[in-house]
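Participant:
Residue numbers (the numbering used here): 4 to 190.
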């Protein structure tokens with residue numbers, strides 16, 4: 004993994020500002036890792052060493068499918084149900100869950116795949132890539148949460164993605180179409 008201190012600082016500042024302003028946040032892949040870090044959590048740099056397999060990214064540059072169990076009482080679980088088959092392409096994972104963060108989704112190997120910040124109305128993080136799936140319920144929920152802020156200003160939500168993309172805007176559902184271009188090597 005290549006370290007990118009300038010990118011890290013920018014993304015952490017973006018998340019802190021979004022959370023401070025109570026903007027809805029959907030943090031994807033690296034974005035989930037950053038959401039955890041902004042709350043004092045830690046990362047395991049090479050997940051296969053911890054879990055003993057490459058199932059979260061079988062072939063670099065392509066997505067792997069694996070199952071995730073979701074807490075049915077969490078926002079993510081209420082949106083997606085108790086189980087999801089997800090598109091994944093990461094070799095890092097959470098080592099320590101940050102303060103005030105709840106782990107709400109786990110891969111079969113026990114690694115954390117989804118987190119939420121219950122202190123905020125909508126602050127979800129998923130280690131997988133929902134933009135690759137036909138199921139857009141996470142994005143629809145983000146748009147719904149951002150619509151509640153209409154009239155409060157131009158920026159109504161934040162999506163922080165592992166592909167180096169950050170969206171800060173008043174969005175409608177069509178803004179997420181074509182968001183993914185495929186996994187990158189640095190996730």
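Glycine residues also receive a C-beta, built at the ideal position from the N, C-alpha and C atoms.
Does the Cβ-Cβ distance between residue 107 and residue 67 come in under 8 Å?
Facilitator: Along the chain shown, read from residue 1 onward, the residue named residue 107 stands at position 104. Along the chain shown, read from residue 1 onward, the residue named residue 67 stands at position 64. Their beta carbons are not under 8 Å apart, which means residue 107 does not touch residue 67 by this criterion.
Participant: With a threshold of 8 Å on Cβ separation, who are the neighbours of residue 70 within its own chain once the five nearest residues in sequence on each side are excluded?
Facilitator: Residue numbering aside, residue 70 sits at position 67 when the chain shown is read from its first letter. Cβ within range, chain order: 86, 87, 88, 89, 110 and 111.
Participant: Give me the Cβ distance between residue 214 and residue 145, rounded to the nearest whole Å; I'm assuming they're in contact under 8 Å.
Facilitator: Residue numbering for the chain in the displayed model covers 4 to 190; residue 214 lies beyond these limits and cannot be assessed.
Participant: Tell me the DSSP secondary structure of residue 67 in three-state form.
Facilitator: Locating residue 67 in the chain shown gives position 64, counting from the first residue. Residue state, collapsed to three classes: strand.
Participant: Among 22, 38 and 15, which has the Cα closest to the Cα of residue 100?
Facilitator: For the purposes of this step, residue 100 is taken as residue 97 along the chain shown, with counting starting at 1. Residue 100 has its Cα closest to that of 38, out of 22, 38 and 15.
Participant: Could you tell me the alpha carbon to alpha carbon distance between residue 84 and residue 143, rounded to whole angstroms?
Facilitator: In the chain shown, the residue the question calls residue 84 occupies position 81. In the chain shown, the residue the question calls residue 143 occupies position 140. Their backbone Cα atoms lie some 15 Å apart in a straight line.
Participant: At what residues does the beta strand (DSSP E) containing residue 144 begin and finish?
Facilitator: In the chain shown, the residue the question calls residue 144 occupies position 141. Premise fails: residue 144 lies in the alpha helix (DSSP H), 140-150, not in any beta strand (DSSP E).
Participant: What would DSSP say about residue 116, mapped onto helix, strand or coil?
Facilitator: Locating residue 116 in the chain shown gives position 113, counting from the first residue. Residue state, collapsed to three classes: strand.
Participant: Hey, how far is the Cα of residue 12 from the Cα of residue 40?
Facilitator: Here the question's residue 12 lines up with position 9 in the chain shown. Here the question's residue 40 lines up with position 37 in the chain shown. If I take the Cα positions, the gap works out to 11 Å.
Participant: When DSSP labels each residue in this structure, what does residue 124 get in the three-state scheme?
Facilitator: Position 121 of the chain shown, counted from the first residue, corresponds to residue 124. The answer is coil: DSSP assigns residue 124 none of H, G, I, E or B.
Participant: How would you label residue 24, buried or exposed, when you count the other beta carbons within 10 angstroms and need 16 or more for buried?
Facilitator: Position 21 of the chain shown holds residue 24. By the 10 Å Cβ count, residue 24 comes out exposed.
Participant: Just the C-alpha distance for residue 33 and residue 103, rounded to the nearest angstrom, thanks.
Facilitator: Indexing the chain shown from 1 puts residue 33 at position 30. Indexing the chain shown from 1 puts residue 103 at position 100. One C-alpha to the other measures close to 19 Å.
Participant: If you draw a straight line from the alpha carbon of residue 151 to that of residue 130, how long is it in whole angstroms?
Facilitator: Along the chain shown, one-based indexing puts residue 151 at 148. Along the chain shown, one-based indexing puts residue 130 at 127. Cα to Cα, the separation comes out at about 26 Å.
Participant: Spatial neighbours of residue 126 within its chain, please: C-beta separation below 6 Å, excluding the five flanking residues on both sides.
Facilitator: Against the chain shown, residue 126 aligns to sequence position 123. Closer than 6 Å at Cβ, skipping near neighbours: 28 and 120.
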